[in-house]
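> The structure under discussion is supplied below as C-alpha cells; questions concerning it will follow.
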Amino acid sequence: MPGRTDKLDTLRLLTSFTNISYSIIPGVDGKEIPHVAWPGFYKEGERAASITGCWRAHMNAAAAILDNNLSSALILEDDADWDVSLKTQLTQFALGSRHILDAPTSSEPLSPYGDGWDMLWIGHCAQNKPTQPFSRFIIANDTTVRPADHGRWHLWTPEPTLTYDLPHNGTTRVVYRSAGGMCSYAYALSYTGAQKLLYHLSYSHFNNPVDFGHSRLCTRGSKGEINFSCVVSWPGLVYTASVQNDIEYHPNKPRKDRDKKKGAPGARNLVFGMRSNLKNLIEGKEAEGRGGEEEEIRREMGEMGMWFDEGKTE
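The opening position of the sequence shown corresponds to residue 1 in the UniProt record's numbering, with each subsequent residue numbered one higher.
Next up, the structure:
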C-alpha cells in the first residue's frame, strides 16, 4: 500500500543488493473500487474488499506491461524474499524453461527463458501434481534447495511425483509445466501473457482470489484447453517472509503494539535468504545459511548436475 514506506525501504535494500531495477505498482484498497468494476459478484464485506484490492493490484501490474510495451516483467509481492544468488538461479531456471518449451538450439530465442511462454511461476506456496506424462528439467544437489527434513514448508507437495525416482530428491530442483498451484509471491508475465491474464481475469467474469485465477490458467493451459503456457520451478525461488523481525511482524498494527518474534527474518524455505542476510551484506560479510545449516546440507550432497528428462510419469 502507498503508506507502507517500511516495506518500500526493505524492497530498496533487497533489490539494491540483487541488482534488480524495479517500478512500484501501488496496492489497491478494495473498498475504493466501484462495485461496477469488481470482478464477478462478490458480496460486500471486509474479505471481499481485501480479495478485490489484491486482484486489482495484480491486474494493474499486468496492465503496466501492456501500457509500457514491455516484452516481459517480473512481478514481486511486497513481502517477497529470495536467495542471495537469485540471478544464478534464474540462469539455471532459464536453461530448464528453454528445454520445456522446446526452444531450438540452432537459433537464439528472443527471451532467455525461451519463446512462447506466458507465465513463469517462480514464487508459490504449492503446486498441483501433474496428471499426465510431463517433461522435467532436473537440477540435482542444489545447495539453495532446503531439504524437506530441514523444515521446508508448502501447503501441499507434488514431490513424490516430481522427484520420486531421483537420488537426493530432498535437494533437487525441477522445472516443468505447471498444472496449477497456489500463492503468487513472484511470477513473470510476457506481453502476450499479460494480455491473456487481463482477458481471463478482468474482461471475463472472474470470482476468486487472483492466485486461483493464475492456477486456473496454468491448469487449463497444461491440459490444452486454452492457449496459456506456464512454466514453474519446484521448489519455488521466491517466498513470502513468513518469519519476520520485530519491525515487520504484525505489519498492520502500530509499531508500539507489534509483538516481537524470535528467529531470523525472512522466508524459512530459503537457505541463503536475502532478508536474513541483509546485516551480513551491509557489513560486507559473506551470506550465511539460516542457523548455519548450509554446511550440514553440503556435507550430505554431491556435485550439482542438470539434465532434461522427457515424459516422466509416476
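All C-beta atoms in this analysis are idealised placements derived from N, C-alpha and C, irrespective of residue type, glycine included. This one's a predicted model, so the numbers in the text were calculated from it and none came from an experiment.
Pick out whichever of Ser23, Asn227, Trp82 has its Cα sitting closest to the Cα of Leu270.
Working through the sequence shown from its first residue, we reach residue 270 at position 270. Out of Ser23, Asn227, Trp82, Trp82 has the C-alpha closest to the C-alpha of Leu270.
> Flag this pair as touching only if the stretch 128-139 and the stretch 172-179 have three or more C-beta atom pairs under 8 angstroms; answer yes or no.
Because the criterion of three Cβ pairs below 8 angstroms is met, the stretch 128-139 and the stretch 172-179 touch.
> What whole-angstrom Cβ distance do Ala186 and Ala80 have, given they're in contact under 8 angstroms?
Sequence index remark: in the sequence shown, residue 186 carries index 186 (1-based). Sequence index remark: in the sequence shown, residue 80 carries index 80 (1-based). Indeed, because the Cβ distance is near 6 angstroms, the residues count as touching under 8 angstroms.
> Who are the Cβ neighbours of Pro112 in its own chain at under 7 angstroms, not counting the five residues just before and after it?
Locating residue 112 in the sequence shown gives position 112, where the first residue counts as 1. Correct list, in chain order: Ala94.
> Do His99 and Gly181 have their C-beta atoms within less than 8 angstroms of each other?
Counting from one through the sequence shown, the residue named residue 99 turns up at place 99. Counting from one through the sequence shown, the residue named residue 181 turns up at place 181. Going by C-beta atoms, His99 is not nearer than 8 angstroms to Gly181.
> Applying the criterion that 16 or more other CB atoms from any shown protein chain within 10 Å of the CB defines a buried residue, is Gln244 buried or exposed?
Position 244 of the sequence shown, counted from the first residue, corresponds to residue 244. Reliability of the predicted coordinates at Gln244 is poor, the pLDDT of 46 falling under 50, and no value is obtained from them.
> DSSP on residue 324, reduced to helix/strand/coil?
Summary: the structure shown does not reach residue 324, with the chain confined to residues 1 through 314, and so no result is reported for it.
> If we ignore side chains and look at the alpha-carbon of each, how far apart do Ala267 and Asn277 end up?
Against the sequence shown, residue 267 aligns to sequence position 267. Against the sequence shown, residue 277 aligns to sequence position 277. The alpha-carbon atoms of Ala267 and Asn277 are separated by roughly 11 angstroms.
> According to DSSP, what are the bridge partners of Tyr176?
Position 176 of the sequence shown, counted from the first residue, corresponds to residue 176. Its beta-bridge partners are Val232.
> If I measure Cβ to Cβ from Ile51 and keep anything under 6 angstroms in the same chain, skipping five residues before and after, which residues do I get?
In the sequence shown, the residue the question calls residue 51 occupies position 51. Correct list, in chain order: Pro209.
> With a 10 Å radius around its C-beta and 16 neighbouring C-beta atoms as the bar for buried, classify His35 as buried or exposed.
Start at 1 with the first residue of the sequence shown, and residue 35 comes out as number 35. It is exposed - the Cβ of His35 has fewer than 16 other Cβ atoms within 10 Å.
> May I ask you to report which of helix, strand or coil DSSP gives Tyr187?
Counting from one through the sequence shown, the residue named residue 187 turns up at place 187. Here Tyr187 sits in strand by DSSP.
> In this structure, how does DSSP classify Asp83 when only helix, strand and coil are distinguished?
By one-based count along the sequence shown, residue 83 stands at place 83. Three-state result, Asp83: strand.
> Runs of 3 residues minimum, wholly inside the stretch 110-136: which ones carry the beta strand (DSSP E) assignment?
Listed in chain order, they are 119-123.
> How is Leu101 classed by DSSP in three states: helix, strand or coil?
Counting from one through the sequence shown, the residue named residue 101 turns up at place 101. Correct three-state label for Leu101: coil.
> Only counting the same chain, and skipping five residues up and downstream in sequence, which positions put a Cβ closer than 6 angstroms to that of Ser184?
Residue numbering aside, residue 184 sits at position 184 when the sequence shown is read from its first letter. Once the five neighbours on either side are set aside, the close Cβ partners of Ser184 are Asp211, His214.
> Tell me whether Gly170 sits in a helix, a strand or coil according to DSSP, three-state version.
Counting from 1 along the sequence shown, the entry for residue 170 is found at position 170. Gly170 falls in the helix class under three-state DSSP.
> By the three-class DSSP mapping on this structure, what secondary structure does Ile138 have?
Stepping through the sequence shown from its first residue, residue 138 is reached at position 138. Residue state, collapsed to three classes: strand.
> Assign Leu70 to one of three DSSP states: helix, strand, or coil.
Here residue 70 is taken as the residue at index 70 of the sequence shown, counted from 1. Of the three classes helix, strand and coil, the one that applies to Leu70 here is coil, per DSSP.
> With H, G and I counted as helix, E and B as strand and the rest as coil, what does DSSP make of Lys7?
Taking the sequence shown and counting its residues from 1, one reaches residue 7 at position 7. Helix, per DSSP.
> Cutting at 6 angstroms between CB atoms, please list the residues of its own chain near Leu201, excluding the five before and the five after it.
Your numbering for residue 201 matches position 201 in the sequence shown. Excluding sequence neighbours, Leu201 sits near Gly213.
> In whole angstroms, what separates the C-alpha of Gly53 from that of Ile33?
As a working mapping, residue 53 is identified with position 53 in the sequence shown. As a working mapping, residue 33 is identified with position 33 in the sequence shown. If you take the alpha carbons of Gly53 and Ile33, they lie about 8 angstroms apart.
> Can you say whether Glu77 is buried or exposed, counting buried as having 16 or more other CB atoms within 10 angstroms of its CB?
Along the sequence shown, read from residue 1 onward, the residue named residue 77 stands at position 77. That one is buried.
> Tell me where the beta strand (DSSP E) around Thr240 begins and ends.
As a position in the sequence shown, residue 240 is number 240, starting the count at 1. Note, Thr240: beta strand (DSSP E), 238-240.
> Kindly list the residues whose CB is nearer than 7 angstroms to the CB of Leu120, restricted to its own chain and excluding five residues on each side of it in sequence; keep chain order.
The count along the sequence shown starts at 1 and reaches residue 120 at position 120. Only Ser97, Tyr113, Tyr187, Ala188, Val231 meet the Cβ criterion.
> Expressed to the nearest angstrom, what Euclidean distance is found between the alpha-carbon atoms of Ile282 and Leu237?
Reading the sequence shown from its first residue, position 282 is the one you call residue 282. Reading the sequence shown from its first residue, position 237 is the one you call residue 237. Ile282 and Leu237: Cα-Cα distance of roughly 23 angstroms.
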